[in-house]
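Quick notes on the structure that follows.
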Amino acid sequence: GGYKFWQQKQLDDGEKASIAYETALARSASGDYKAAIDQFNEEEIGAVAGYAALSQMQKANLAMKINDFEAALITLKEIAEHDNYPQSVKEWARFRYAAVRVEKQIDSNASVDLDSLIATDSPWRFLAKEIKAIKEIETGNKSAAKTIFSELADDENAPERLRVRAAEFLKILQ
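According to the numbering used here, the sequence shown holds residues 1 to 174 in order.
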């Protein structure tokens, strides 16, 4: 009896989370980002682990859309440090946390976070490297950018499209 009750409760919670999540996505699609963020904070969504992680990711993305970088960074940091989220989600959050800080020039230590991400086997290390190379161009350090893009273009483990982009940047920088 107890197991059937628990099983039904899990199904009910999942259905409630799904409905709330879909409602938030619809609000986001209509351009009402603040209402979508509020909806992603609904208790029903947070009660189901998978939806909780997805809603946090969506909240960070929506905060970026409305230029609330502080809220985005807080959310990304929470995701990265959450014990119960999948490692792949946490790695995505670490990458986005560093990338946002570098791209928006929010703090000078952000490049250190990119470097530490590059030094790991995270699937995001290649994009982190690309961002670092672009930042080198922006600061006038074409030589460093060429070195990084050359490494990316030659790295067989890097995604193909990224390798092509790196090769295109190299041509431009010649």
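Glycine is no exception: its CB is placed at the ideal position from the N, C-alpha and C atoms.
Apart from the five residues just before and just after residue i, which ones in its own chain have a Cβ nearer than 6 Å to its Cβ?
i           : result
residue 76  : 60, 93, 96, 97
residue 55  : 40, 45
residue 89  : 53
residue 146 : 173
Using three-state DSSP, classify residue i as helix, strand or coil.
i           : result
residue 9   : helix
residue 145 : helix
residue 104 : coil
residue 174 : coil
residue 156 : coil
residue 263 : Lying before the first or after the last residue shown, residue 263 is absent from the chain, which here runs from 1 to 174.
residue 38  : helix
residue 124 : coil
residue 23  : helix
residue 164 : helix
residue 112 : helix
residue 46  : helix
residue 67  : coil
residue 84  : coil
residue 75  : helix
residue 140 : coil
Cutting at 7 Å between CB atoms, please list the residues of its own chain near residue i, excluding the five before and the five after it.
i           : result
residue 104 : 69
residue 13  : 47, 48
residue 84  : 49
residue 102 : 110, 111, 114, 131, 135
residue 144 : 136
Residue j and residue i - do their beta-carbons sit closer together than 7 Å?
i           : j           : result
residue 63  : residue 71  : yes
residue 17  : residue 36  : no
residue 99  : residue 131 : yes
residue 91  : residue 124 : yes
residue 126 : residue 162 : yes
residue 74  : residue 33  : no
residue 117 : residue 149 : no
residue 20  : residue 42  : yes
Thinking just about the alpha-carbon of each residue, which of the options is nearest to the one in residue i?
i           : options          : result
residue 15  : 112, 87, 33, 50  : 50
residue 158 : 88, 128, 141     : 128
residue 9   : 28, 20, 48       : 48
residue 134 : 168, 116, 42, 28 : 168
residue 139 : 164, 119, 111    : 111
Counting contacts by CB-CB distance shorter than 7 Å, is residue i in contact with chain E?
i          : result
residue 13 : Going by chain labels, chain E is absent from the structure shown, which holds only one protein chain.
Cutting at 8 Å between CB atoms, please list the residues of its own chain near residue i, excluding the five before and the five after it.
i          : result
residue 28 : 36, 58, 62
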